[in-house]
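One structure below.
Rendered as structure tokens:
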């Protein structure tokens, strides 16, 4: 049987990806957004680690969100202290004070996954650290965002971590609900099933995933703006 061009799956690009909103639509969603100082802290997800993706701009999700915010707030200030490998304890010890001194009115935090690689990982300690981080950020009056990790544990090297990451996501959801955070749900997002969504390390999203995450975050921020009138 001969395979024709129409039988082959189409190759997505940033312009054709159904989960990537066009730049003008992203700007429209954040029209009137009040935020002028945006900070991001946490681990490699916050830092924006990921391989390039053909057809997608090489730009991590948080940088993309900052760039969209600048279309409605041209003088937006942006700080990203995220570091690959950072545990929740290290974020508390080395990043939180810098972010608090920065005085953001919009701040994102993602960490905790690196805590769970140790054989004697203690989720209770991670929960306490995430709660402390959240309380200190919320106390500033800033809008605080977070996200759940995607279920992309198809690689045999990662499957043993799936249960731990599920439990961490439950903690993140509970904290987000308790403190009214903007929480982007990625656990069951359809992009997790794409064969090319992961970087070569089989852990981090490639840039196609970052592009989608940015659209999801902007949409979530829009929903918060609408809710707050």
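Residue numbers (the UniProt record's numbering): 1 to 229.
Just so it is clear, CB atoms sit at the ideal spot from N, CA and C, and this is done for glycine as well.
All values derive from a computational prediction rather than experimental measurement.
A direct Cα-to-Cα measurement between residue 36 and residue 73 gives close to 7 Å.
Annotation: residue 114 is outside any beta strand (DSSP E) and is labelled neither H nor E by DSSP.
When secondary structure is reduced to three states using DSSP, residue 42 falls in the strand class. By the 16-neighbour rule on beta-carbons within 10 angstroms, residue 144 is buried. Residue 30 holds the alpha-carbon nearest to the alpha-carbon of residue 217 among 17, 12, 18, 30.
Within its own chain, the residues whose Cβ lies closer than 6 Å to the Cβ of residue 159, once the five positions on either side in sequence are excluded, are 153, listed in chain order. When only Cα atoms are considered, residue 54 and residue 198 end up about 13 Å apart. Taking all protein chains shown into account, residue 208 has 16 or more neighbouring C-beta atoms within 10 Å of its C-beta and is therefore buried. According to the DSSP secondary-structure assignment, residue 79 is paired through a beta bridge with 39.
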